[in-house]
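Asks: Quick one: the structure is below, and I'll ask about it shortly.
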Amino acid sequence: MAPSPTGPLHIGTARTSLYNYLFARHVGGTYVLRIEDTDLARSTAEFERDILDNLHWLGITWDEGPQHAGGDDIGPFGPYRQSLRMDRYAREADRLLQSGAAYHCWCTPEELDVVRKAQEASKQAPRYNGRCLNLTDADREQFATEGRRPAVRFRVPAETIRFDDLIRGEVEFDNGLLGDFVIVRADGVPLYHFVVVIDDEQMGISHVIRGEDHLSNTPKHIALIRALGYAEPVFGHIPLILNPDRSKMSKRKSQTAITAYREQGYLPEAMVNFLAFLGWSPGTEEEIFSLDELATRFEIGEVHKAGAVFDQDRLDYLNGVYIRALPDAELAARLRPFVPAAVSEETLAGVVPLVKERMVRLTDATELTGFLAEPDAVVAGWWTVADLLPKGKTADETGLALAAARDALAGADWSPEALEAAGRAAAESHGWKAGDFFRPIRIAVTGKPVSPPLFGSLVLLGREPSLGRLDGALDRLRSGAVA
RNA sequence: GCCCCCAUCGUCUAGAGGCCUAGGACGCCACCCUUUCAAGGUGGAGAUCACCGGUUCGAAUCCGGUUGGGGGCGCCA
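In structure tokens form, the structure reads like this:
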């Protein structure tokens with residue numbers, strides 16, 4: 005797996021990492037992580053940290069590579085950061101230059117841009133025109149005195165490249181259609197297509213599993229591999245994750261950062277399960293799998309060829325499934341970062357059984373437990389007198405009912421069972437349906453028409469605060485405030 | 001423009017010639033349960049398997065073409 009720290013861990017990169025992980029674990033191989041940070045201008049330590057942290061969060065572990073951001077490498081073929089391997093790339097570039105498989109190109113970006121624009125305008129394939137292929141020494145001297153620095157271009161042999169893709173089977177390209185591409189920039193920085201091939205060889209990579217967007221880059225890599233005399237790895241190109249409009253999933257149209265999902269309260273187990281099924285299925289009707297189970301079932305050859313739309317509804321459903329499957333104590337621990345600090349450990353433990361079946365994301369706890377953390381005045385601000393009234397009931401009628409409810413509850417033991425018994429008895433003697441009777445209580449205490457189970461909520465809030473909120477509601481009702 | 005890849009319900013998918021009058025899940029709708037909302041249960045709508053040819057006794061499954069979609073063609077990765 006070779007992420008580039010030019011942005012936070014992307015959904016697509018996470019899924020590619022996952023498939024690599026599952027494949028490696030399934031076949032008992034060695035999983036290597038390499039940081040592709042040759043683009044110094046865009047790579048940051050912060051993004052590297054985000055990528056490694058979130059990979060850890062998902063439970064994806066690797067055998068070789070930097071284990072933590074800024075940490076030491078593990079493995080015999082390091083360093084595993086490309087920025088630390090520049091001398092190796094320079095040596096290989098020299099070899100190619102020596103053999104004539106590569107040549108210096110003195111064209112400036114501006115000149116290349118002009119050519120490319122012209123090609124596009126005349127509906128031609130945008131490719132290098134080979135201008136620097138047959139330069140004389142005088143030409144080169146001239147360019148040098150102009151202050152130009154040459155880039156290194158690979159002379160792509162015009163031949164048909166065939167390879168057997170793990171997922172797509174036989175694939176064939178005509179490299180005669182390709183232009184010579186740059187492998188080392190004028191400033192000496194080697195480029196992706198070049199370094200990836202060198203590292204794969206030097207790190208003993210046997211299987212390259214990556215996104216389908218690299219399928220048409222593969223013939224370039226194979227040409228380079230042959231020119232360098234390397235062993236050819238096996239390639240597997242997995243389908244892309246798509247925006248709802250079926251284009252490649254992008255930041256512009258979808259939420260792509262794993263961190264964002266993490267911060268919104270998605271569970272890593274749900275994320276992994278969801279991602280694994282975006283492009284693969286075990287061929288049965290089972291759908292809930294842990295990472296380990298996935299690793300034992302996963303077959304790279306079963307991966308689909310077509311892209312898969314990222315369906316947030318399905319992720320939400322899976323997240324709910326995983327939340328409900330968590331033991332209460334475990335859920336409480338995971339909820340801690342998402343509930344206000346004002347909510348005590350005891351209250352949190354008590355609230356878990358009440359909210360467990362009502363959550364899609366961990367962040368839902370903030371909403372569900374707000375009435376426990378906020379002061380009375382804030383909670384009172386969440387509703388109006390009109391909200392209090394059950395359908396078809398007047399303010400006066402509701403005031404009478406709420407007063408009766410308040411008295412009944414005040415006279416009961418402060419336990420869910422006793423409160424419910426008292427509440428139901430009061431509702432019956434008042435002649436109201438339980439649902440109508442409980443509505444003003446619910447709103448007065450929790451501030452909202454939708455809440456966790458009422459009597460458990462009352463117990464969690466406590467007797468005095470609960471009765472206080474009921475009294476406050478009664479006052480507002482009696483003062484005739486119409487809102 | 002050129003090259004490559006792909007194509008089963010809205011979405012994720014099962015399906016590797018007869019088991020398919022195409023199965024499951026999400027979402028949607030209805031009902032049940034129910035103190036709200038969920039969760040759960042039951043049922044339902046939803047796919048002429050992109051289209052057209054061909055092979056075959058028989059095709060969603062094999063072959064060809066068409067159409068549609070996607071990806072690539074950077075001194076980004």
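Each residue of the first sequence is one higher than the one before, counting from 5 in this note's numbering.
Note that CB positions come from ideal geometry on N, CA and C, so glycine has one too.
Predicted model, so just to flag it, every value in this text is computed and none were measured.
1. So, with DSSP's three-state summary, where would you put K252?
2. Using a Cβ-Cβ cut-off of 7 Å (strictly less than) and excluding sequence neighbours within five positions of R120, which residues of its own chain qualify?
3. When DSSP labels each residue in this structure, what does T164 get in the three-state scheme?
4. Is it right to say Q102 is buried, meaning 16 or more other beta carbons lie within 10 angstroms of its own, or is it exposed?
5. Closest to A377 by C-alpha separation, out of R362, I165 and V355, would be which residue?
6. Hey, how far is the Cα of R482 from the Cα of D400?
7. If you drop the 5 nearest sequence neighbours on each side, which residues of the same chain put their C-beta closer than 7 Å to that of L464?
8. With DSSP run on the structure shown, which of helix, strand or coil describes H241?
9. From D320 to E163, what distance separates their C-alpha atoms?
10. Roughly how far, in whole angstroms, is the beta-carbon of R159 from the beta-carbon of A190, given that I think they are within contact range, below 8 Å?
11. Cα separation between F278 and W284?
12. When the distance is taken between beta carbons, is I327 closer than 8 Å to M363?
13. Between G82, F147 and E176, which has its C-alpha nearest S220's C-alpha?
14. Looking only at DSSP bridge pairs, what is F185 linked to?
15. Considering V175, what are the terminal residues of the beta strand (DSSP E) in which it resides?
16. Tell me where the alpha helix (DSSP H) around H60 begins and ends.
17. Could you check what DSSP says for G305 in three-state terms: helix, strand or coil?
18. Please list, in chain order, all residues of the same chain as V313 whose beta carbon is under 7 Å from its beta carbon, the five residues on each side excluded.
19. Can you give, in chain order, each stretch of the alpha helix (DSSP H) that sits fully within the region 54-115 and has at least 4 residues?
20. On the criterion of 16 or more Cβ atoms from any shown chain inside 10 Å, does G466 qualify as buried, or is it exposed?
21. Closest to E205 by C-alpha separation, out of K255, L195 and E96, would be which residue?
22. For S87, tell me which candidate among P80, D67, L182 and G74 has the shortest Cα-Cα distance.
23. Below 7 Å CB to CB, which residues in the same chain sit around D317 once its five sequence neighbours on both sides are set aside?
24. Does P7 pass the burial test, meaning 16 or more other C-beta atoms within 10 Å, or should it be called exposed?
25. Output yes or no for whether 8 Å exceeds the beta carbon distance between L26 and A381.
26. Evaluate the contact criterion for the region 138-146 versus the region 50-67: three or more CB pairs, one atom per stretch, below 8 Å.
27. According to DSSP, what are the bridge partners of A261?
28. What does A6 pair with, by DSSP beta-bridge criteria?
29. For R19 versus L282, is the C-beta distance shorter than 8 Å?
30. DSSP on V212, reduced to helix/strand/coil?
Replies: Answer, in terms of the structure:
1. strand
2. P130
3. strand
4. Exposed, since its Cβ has fewer than 16 Cβ neighbours within 10 Å.
5. V355
6. Roughly 8 Å between the two C-alpha positions.
7. T351, G354, V355 and L376
8. strand
9. Approximately 49 Å, taken between the alpha carbons.
10. That belief does not hold up - the Cβ atoms of R159 and A190 are roughly 18 Å apart, past 8 Å.
11. Roughly 10 Å separates the two Cα atoms.
12. yes
13. Nearest to S220 by C-alpha distance, out of G82, F147 and E176, is E176.
14. Paired residues: F158.
15. In the DSSP assignment, V175 falls within the unbroken beta strand (DSSP E) covering G173 to D178.
16. A49 to L62
17. helix
18. Scanning its chain for C-beta atoms nearer than 7 Å, with the 5 sequence neighbours on each side dropped, one finds around V313 the residues L246, P248 and R250, in chain order.
19. Here the runs fully enclosed are 90-103.
20. exposed
21. Answer by Cα proximity: E96.
22. G74
23. none
24. Around the CB of P7, 16 or more other CB atoms lie within 10 Å, so the residue is classed as buried.
25. no
26. no
27. Residue pairing by DSSP places A261 opposite H14 in a beta bridge.
28. Bridge partners of A6: none, in fact.
29. For R19 and L282, yes; Cβs fall inside 8 Å.
30. strand
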